[in-house]
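In the working numbering, the protein residues as written are 24 to 155. Cβ coordinates follow ideal geometry from the N, Cα and C atoms, glycine included. Since the model is a prediction, treat every value here as computed from it, not as a measurement. Since the structure comes first, as structure tokens, the remarks are kept for the end.
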């Protein structure tokens with residue numbers, strides 16, 4: 024999976040997490056009587072994000088086997104060798120998005136919300152790089 028694809032998936036997870044928080048906050052507030060219809064557009068699916076995150080991990084991490092004759096140290100080295108690049112890719116993606124959000128926040132900008140910035144980043148990451 025290319026790094027820009029991983030960044031786009033990270034943006035999707037972070038964008039969805041804002042909705043999860045709103046839903047949790049809305050559910051925690053005293054509201055209409057029990058049995059009332061949810062607001063239009065409200066997500067009642069109960070998705071906690073485990074599906075999106077699990078899907079990303081399944082796509083990023085390679086499938087590999089460790090020989091049954093491998094010593095524990097050899098097995099550990101095999102796992103590390105296979106897992107380190109995708110771990111670095113995921114850390115890089117979330118770090119990039121966090122840095123972009125922090126940069127806007129630290130600049131004191133109030134003209135753009137975090138969700139708008141995430142959308143802008145997603146658009147930027149999905150366009151081919153024409154700066155060559």
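Query                                                                                               : Result
Residue range of the alpha helix (DSSP H) that includes residue 105                                 : 95–129
Terminal residues of the alpha helix (DSSP H) in which residue 134 lies                             : No alpha helix (DSSP H) holds residue 134; DSSP gives it neither H nor E.
Cβ contact (3+ pairs, closer than 8 Å) linking the segment 44–54 and the segment 137–145            : no
Limits of the unbroken alpha helix (DSSP H) element including residue 75                            : 73–83
Which listed residue (122, 113 and 100) has its alpha carbon closest to that of residue 25          : 113
Closest Cα partner of residue 37 within the set 149, 144 and 150                                    : 144
Residue 104 versus residue 85 - alpha carbon distance                                               : 11 Å
Under the three-state DSSP convention, the category residue 38 falls into                           : helix
Assigned exposure category for residue 44 - 16 Cβ within 10 Å defines buried                        : exposed
Close beta carbons around residue 149, own chain, < 7 Å, minus the five adjacent residues each side : 31
Exposure of residue 34, with buried meaning 16 or more beta-carbon neighbours within 10 Å           : buried
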